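Only one structure is covered here, and it is reproduced in the block below.
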Amino acid sequence: MIRISPGRSLTPWLLIVPSFALALFIIGYPLYNIVFQSLHEVSRFGLIRGFCGLDNFRKVFADPVFIASLVRTLWWTLGVVGGTVLVSVPVALVLNQDFYGRGVARVIVMLPWSVSLTMTAIVWRWAFNDEYGMVNVSLQRLGLIAAPVHWLATASSAFPVEIMVGILVSVPFTVTIFLGGLSSVPVDIYEAARIDGASGWQQFRKLTLPLLRPFINMAIVLNVIYVFNSFPIIWVMTQGGPTNSTHILVTYLYERGFRLGKPGEAAAVSLVMLVMLFCFTAVYLRIQNQQRKEA
Amino acid sequence: MRIDPRKLRRSLLCWLALAPLAVVILFPFAVMILTAVKPADEVFVYPAKWLPSHFRWANFSDMWNATRFGVALKNSLVVSLSSTLLAISVSIPAAYAMARFPFRGKGFYRQFLLVTQMLSPILLVIGLFRLAAMIHWGEGNMVDRQASVIVAYAAFNIAFAVWMLSSYFATIPIDLEESAWLEGCGRIRAVFKVFLPLAAPAMVVTAIFTFISGWNEFAVVYTLIRSDANKTLTVQITDLVAGRYTVEWHQVMAATVLATLPVSVMFAWLQRYLVKGLALGAVK
Numbered sequence: 005m006i007r008i009s010p011g012r013s014l015t016p017w018l019l020i021v022p023s024f025a026l027a028l029f030i031i032g033y034p035l036y037n038i039v040f041q042s043l044h045e046v047s048r049f050g051l052i053r054g055f056c057g058l059d060n061f062r063k064v065f066a067d068p069v070f071i072a073s074l075v076r077t078l079w080w081t082l083g084v085v086g087g088t089v090l091v092s093v094p095v096a097l098v099l100n101q102d103f104y105g106r107g108v109a110r111v112i113v114m115l116p117w118s119v120s121l122t123m124t125a126i127v128w129r130w131a132f133n134d135e136y137g138m139v140n141v142s143l144q145r146l147g148l149i150a151a152p153v154h155w156l157a158t159a160s161s162a163f164p165v166e167i168m169v170g171i172l173v174s175v176p177f178t179v180t181i182f183l184g185g186l187s188s189v190p191v192d193i194y195e196a197a198r199i200d201g202a203s204g205w206q207q208f209r210k211l212t213l214p215l216l217r218p219f220i221n222m223a224i225v226l227n228v229i230y231v232f233n234s235f236p237i238i239w240v241m242t243q244g245g246p247t248n249s250t251h252i253l254v255t256y257l258y259e260r261g262f263r264l265g266k267p268g269e270a271a272a273v274s275l276v277m278l279v280m281l282f283c284f285t286a287v288y289l290r291i292q293n294q295q296r297k298e299a
Numbered sequence: 037m038r039i040d041p042r043k044l045r046r047s048l049l050c051w052l053a054l055a056p057l058a059v060v061i062l063f064p065f066a067v068m069i070l071t072a073v074k075p076a077d078e079v080f081v082y083p084a085k086w087l088p089s090h091f092r093w094a095n096f097s098d099m100w101n102a103t104r105f106g107v108a109l110k111n112s113l114v115v116s117l118s119s120t121l122l123a124i125s126v127s128i129p130a131a132y133a134m135a136r137f138p139f140r141g142k143g144f145y146r147q148f149l150l151v152t153q154m155l156s157p158i159l160l161v162i163g164l165f166r167l168a169a170m171i172h173w174g175e176g177n178m179v180d181r182q183a184s185v186i187v188a189y190a191a192f193n194i195a196f197a198v199w200m201l202s203s204y205f206a207t208i209p210i211d212l213e214e215s216a217w218l219e220g221c222g223r224i225r226a227v228f229k230v231f232l233p234l235a236a237p238a239m240v241v242t243a244i245f246t247f248i249s250g251w252n253e254f255a256v257v258y259t260l261i262r263s264d265a266n267k268t269l270t271v272q273i274t275d276l277v278a279g280r281y282t283v284e285w286h287q288v289m290a291a292t293v294l295a296t297l298p299v300s301v302m303f304a305w306l307q308r309y310l311v312k313g314l315a316l317g318a319v320k
């Protein structure tokens, strides 16, 4: 790389400008516009009625549905990301073994990644249908339930079902990251551990887990960002219902902005979410830096 | 091939461990495919059965006509292909710069791309809609136009494309280009003659994944596109389900099968490249 003449320092920028300009325009302007709308009274058709300070934020924070959605978003993110990591670590360890049919197993585990979240949500919505859905049919056939369960029409079961679907669609990506991590682990250290008489569990605790640590961290951060922003699963399966019991911030935001005709308040929700995401990233970077110093 | 008994035992254990997850993953696929070929009177019967009495392939042609599937399919193709072309053509030079040049602002650009990854379309959807409404074009504005969806997809895919491409580009040895320069080949010509042919597989793989992400996207089309004539598959099929009292589930499942399987097959075939590209990118 050193051999490239330094006189051409403009070239890399010329190469970068097209992508930079496009991304900046499509992402920068809406960001500016959201800040603007959140501080103004906006009609349902997008007409700006005038500056209103923090009124939109006040209205949103006074809405009990917003507060409930905020809390539920935290549970949603925690549930999906936590569940995903718990499922993905053992799955990645298994897929890293040498066994017959591993190629097929990998393809099966990766499958949910290839289907759009929207389609997955539609199929699950049908599978959880009260009378005709295959979930109730199969559970009844197995004798696990006596009568059909109203999965998506009941507040207490709809949200856990959605978390389950959320975990399922996040597993492939997470397993991929872990497999990448495991492939960088040298095999001979396990040989050495085995000679020293370490049990399987000890090998996992003392060798695999520490080596996977950075990859687990990366998977948590990326998944938190994706899951926090995940819209189609809940929107398609329950639209935040029954009686607002499955709203998370993104579905609340969409309903405010495009169904209830309150773009100003929706913009305020967007900003609250952005602040939450940036806080999370900042805290994460801080922890990572501390760990790096300690190491 | 000789079967190793120890490996066979291990295989059994591995499959046993994966079985619960495999069942849950394959469950929706089974539901989707079996419902798609069931006669309607067997779909809505209580108690329902898993297997259809006979395969009713006519569900597909009924669905095609009833849901205007062809129009949505064409729109999905147009939107995904154009946005992929746009995203890749601006990302290739950027990825080349990231992989080949040391320059001031490289770290800044990497951070910028990271931030664009964090700002998902759904967070910006209110602003995106205003942006589209603000730009005047012909008779009206950019709302309900495929061009606005295409440009938005391309922009949101740049970070992924640059990451994938630059991590692959970095594995192509620079010596090849340098020896071309020594033979009197200009710098730019060397890129076209030597570098790009070698980088072609990486570009194709990245393009396919960008295509899939456009194919599967929902929130942006759902917001920016209003008329049926411009809707893509994800939104068109959601409209068959959302806010309706009677849903023709066998037709909906037939539609999801057609919208999903081709992409799934392509993905299953190519997933190892994605694994490799992401891993290469993650190391740096």
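Residue numbers (our numbering), protein chains in the order written: chain C, 5 to 299; chain F, 37 to 320.
Yeah, the Cβ is synthetic: ideal placement off N, Cα and C, and Gly gets one too.
Owing to the predicted nature of the structure, the values given are computational and were not obtained by experimental measurement.
CB contact below 7 Å: residue i versus chain F
i	result
S161 (chain C)	no
L26 (chain C)	yes
A109 (chain C)	yes
P16 (chain C)	yes
P246 (chain C)	no
M241 (chain C)	no
P218 (chain C)	no
I20 (chain C)	yes
S47 (chain C)	no
F284 (chain C)	no
M5 (chain C)	No answer about M5 (chain C) holds up, because its pLDDT of 44 lies below 50 and its placement is not dependable.
P214 (chain C)	no
V254 (chain C)	yes
Any C-beta of chain C under 7 Å from that of residue i
i	result
S249 (chain F)	no
E215 (chain F)	One detail in the question is off: residue 215 (chain F) reads as Ser in this sequence, not Glu. No, S215 (chain F) lies away from the interface with chain C (no Cβ there is under 7 Å from its Cβ).
S300 (chain F)	yes
R166 (chain F)	yes
T296 (chain F)	yes
Y82 (chain F)	yes
T282 (chain F)	no
T28 (chain F)	Examination of residue 28 (chain F) is not possible in this model, given that chain F is present from 37 through 320 alone.
A183 (chain F)	no
S203 (chain F)	no
N266 (chain F)	no
F254 (chain F)	yes
K320 (chain F)	Note that K320 (chain F) has pLDDT 41, beneath the 50 cutoff, so the model's placement of it is unreliable and the number below is only indicative. No, K320 (chain F) does not count as interfacial toward chain C.
P237 (chain F)	no
S116 (chain F)	no
L109 (chain F)	no
A191 (chain F)	yes
T274 (chain F)	yes
Partner residues on chain C for residue i, Cβ-Cβ distance less than 8 Å
i	result
G163 (chain F)	Y33, P34, L35, Y36, N37, I38, Q41, A271 and S274
K328 (chain F)	Nothing about residue 328 (chain F) can be reported from this structure: the residues present for chain F run from 37 to 320 only.
M289 (chain F)	V127 and W130
W285 (chain F)	W130, N133 and Y136
A20 (chain F)	Residue 20 (chain F) is absent from the model: chain F starts at 37 and stops at 320.
8 Å Cβ cut-off: residues of chain F touching residue i
i	result
M114 (chain C)	F303, A304 and Q307
M280 (chain C)	Residues of chain F passing the Cβ test: none, with the nearest at roughly 10 Å.
For residue i, the residue or residues it bridges with in DSSP
i	result
V172 (chain F)	It should be noted that the sequence gives His, not Val, for residue 172 (chain F). For H172 (chain F), which the question treats as bridged, DSSP gives the partners F:N177.
I52 (chain C)	C:V46
Chain C contact residues for residue i, given Cβ-Cβ distances below 9 Å
i	result
W86 (chain F)	M138, V141, S142 and R145
T103 (chain F)	Per Cβ cutoff of 9 Å: no residues; T103 (chain F) is ~13 Å from chain C at best.
Proximal chain F residues relative to residue i, where beta-carbon distance stays under 7 Å
i	result
N233 (chain C)	S156, I158 and L159
R13 (chain C)	The displayed chain sequence assigns Ser, not Arg, to residue 13 (chain C). Within 7 Å Cβ-Cβ: F139.
Check whether residue i and residue j have beta carbons under 7 Å apart
i	j	result
W251 (chain F)	S112 (chain F)	yes
A255 (chain F)	P157 (chain F)	yes
P218 (chain C)	Q41 (chain C)	no
V185 (chain F)	L260 (chain F)	yes
N227 (chain C)	V85 (chain C)	yes
S23 (chain C)	S127 (chain F)	yes
Chain-ordered neighbours of residue i on chain F, where CB pairs are closer than 9 Å
i	result
L172 (chain C)	L57, V60, I61 and P64
P267 (chain C)	I162, F165 and R166
I229 (chain C)	Q153, M154 and S156
Within chain C, partners of residue i - CB distance below 7 Å
i	result
T152 (chain F)	A27 and I31
What residues in the segment 47 to 77 of chain F bring their beta carbon closer than 9 Å to a beta carbon of chain C?
-> Cβ contacts with chain C: S47, L48, L49, C50, W51, A53, L54, L57, A58, V60, I61, L62, F63, P64, F65, A66, V67, M68, L70 and T71.
Residues in the segment 119 to 141 of chain C having any Cβ partner in chain F nearer than 9 Å = Within the segment 119 to 141 of chain C, the residues whose Cβ lies closer than 9 Å to some Cβ of chain F are V119, S120, L121, T122, M123, T124, A125, I126, V127, W128, R129, W130, A131, N133, E135, Y136, G137, M138, V139, N140 and V141, listed in chain order.
May I ask you to list, following chain order, the residues of the segment 51 to 76 of chain C that have a beta carbon less than 7 Å from some beta carbon of chain F?
-> Within the segment 51 to 76 of chain C, no residue has a Cβ that lies closer than 7 Å to any Cβ of chain F.
Near-chain C residues of the segment 136 to 147 of chain F (beta-carbon distance less than 9 Å), N- to C-terminal order = If the cut-off is 9 Å between Cβ atoms, the segment 136 to 147 of chain F has R136, F137, P138, F139, R140, G141, K142 and Y145 near chain C.
Give, in chain order, every residue of the segment 120 to 133 of chain F whose Cβ lies closer than 7 Å to some Cβ of chain C.
-> Against chain C - using a Cβ distance shorter than 7 Å - the residues of the segment 120 to 133 of chain F are V126, S127, P129, A130, Y132 and A133.
Residues within the segment 188 to 216 of chain C neighbouring chain F, beta-carbon criterion of under 9 Å | Going along the segment 188 to 216 of chain C in chain order, one finds S188 with a Cβ nearer than 9 Å to chain F.
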